[in-house]
Each structure stands twice: as C-alpha cells, then as structure tokens.
Amino acid sequence: MLKRSMILFILLSVPMFANQPLKKIELSISSHVFLVEVADTPESRAQGLMFRKDLAANAGMLFVFPDQDYRYFYMKNTFIPLSIAYIDIQGTILEIHDMEPFNQRTVASMHDNIAFALELNRGSFQKLGIKPGMKIQNLPNPSQY
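Numbering (mature numbering (1 follows the signal peptide of the UniProt record, and there is no 0)) for the sequence shown: -18 to -1, 1 to 127.
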C-alpha cells in the first residue's frame, strides 16, 4: 500500500513541478529594460519558449549555461518568431540571429565562449538599436548554476 501511495504521489507531482514558473529578472541593455524568464536548468533550457503563443514586447528568455562553449538553438514547436543574442561571460553581445517559427535548422553561434543566450521577439534587437558589442546589465552569475 505504501509503495502504491508513493508511486501515485510521484506521478501526480511530476506535472506540478514541470509547470513551475521560471524565475524572472530584469536585464538592461543601454536604456532598454526587459523582464526575462531565466532558463538555468537542463530541463528549462530544453523547453525554452516552445508551445508559447505570444511574448510581451519587453519580455524574453535568458538561457544561462554552466560553461562557455558554442551554442545551438532551433525552433522546434516554437510558435513565436524570435531573435537570439549570444552573449559572453562579461555580458557582451557577440552575435544576433533571427529565427523562424517551427524551423528545425540549427542556429549555431560562431563563437566558442557563449555563456548566455537571450531570446526576444524577432526584430526587437534591431528595432531598439541593440547590436553586437553592447553590454547587458544585471546578468546572473553562471557559476551559481
């Protein structure tokens, strides 16, 4: 009976934990402020913005990696057109790429020292004049992850 109760508890708990909201932080780029969700676990990084139908104008998702390396993203099951910035450990934007919904073509970084990736609505970086070389303020410390 105890074994059945434990199994039932685990099965009922998994969806609850899977749908936990991600932590949100404010990031600043120049005079622009964004409220972004933080994807800092393998599970949250794998899920990303998949299955979302919309994204607020000043919102996005920050992917925090425990190391610095090449990064690869694609848009499987992603409804929202996005732009992605690849960012180094100092918070410098190194690259910006546009991504199409449902496109499974990999958007690879050209740099091998990427510690963060920031996804915003497609065209947001360009519209706001945000370019490679600019710094992002208030990034979390990747060594905590």
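Glycine included, each C-beta is placed from N, C-alpha and C at the ideal position.
In three-state terms, what does DSSP make of Q2? Looking at Q2 - three-state DSSP - the assignment turns out to be coil, as it is neither helix nor strand.
For S26, the first and last residue of its enclosing alpha helix (DSSP H): Unbroken alpha helix (DSSP H) run through S26: 24 to 29.
Report back the beta-carbon spacing between A97 and I69 to the nearest angstrom; my notes put them in contact at under 8 Å. Yes, they are in contact, since the Cβ atoms of A97 and I69 sit about 7 Å apart, within 8 Å.
Contact set for H79: own chain, Cβ-Cβ below 6 Å, skip 5 residues either direction: Closer than 6 Å at Cβ, skipping near neighbours: I66, V89.
Would you mind sorting R104 into buried or exposed? The rule is 16 or more other CB atoms within 10 Å of its CB. With at least 16 other beta carbons inside 10 angstroms of its own, R104 counts as buried.
Here's a check: name, in chain order, each residue in its chain whose Cβ is nearer than 6 Å to the Cβ of Q119, leaving out the five neighbours to either side. Cβ neighbours of Q119 within its own chain (closer than 6 Å, five residues either side excluded): S10.
What are the start and end residues of the beta strand (DSSP E) that includes I16? According to the sequence as given, residue 16 is Phe; it is not Ile. Counting along the chain, the unbroken beta strand (DSSP E) around F16 starts and ends at 14 to 21.
Please report the Cβ distance between F45 and A21, rounded to the nearest whole angstrom; I am assuming they are in contact, meaning their Cβ atoms lie under 8 Å. Contact holds; Cβ gap of about 5 Å.
Find the nearest neighbour of E77 within the set S125, M116, P63, judged by alpha-carbon distance. Ranking the options by Cα distance to E77, first place goes to M116.
Only counting the same chain, and skipping five residues up and downstream in sequence, which positions put a Cβ closer than 6 Å to that of M32? The residues are N59, T60.
What is the DSSP secondary structure of Q108, reduced to helix, strand or coil? Looking at Q108 - three-state DSSP - the assignment turns out to be helix.
N-terminal and C-terminal residue of the beta strand (DSSP E) that Q50 is part of: For Q50, the uninterrupted beta strand (DSSP E) segment begins and ends at 41 to 51.
Provide the residue span of the beta strand (DSSP E) that contains F61, from first to last. From DSSP, F61 is part of no beta strand (DSSP E); its letter is neither H nor E.
At the level of alpha carbons, what is the spacing between Y56 and M81? Between the alpha carbons of Y56 and M81 lies a distance of about 8 Å.
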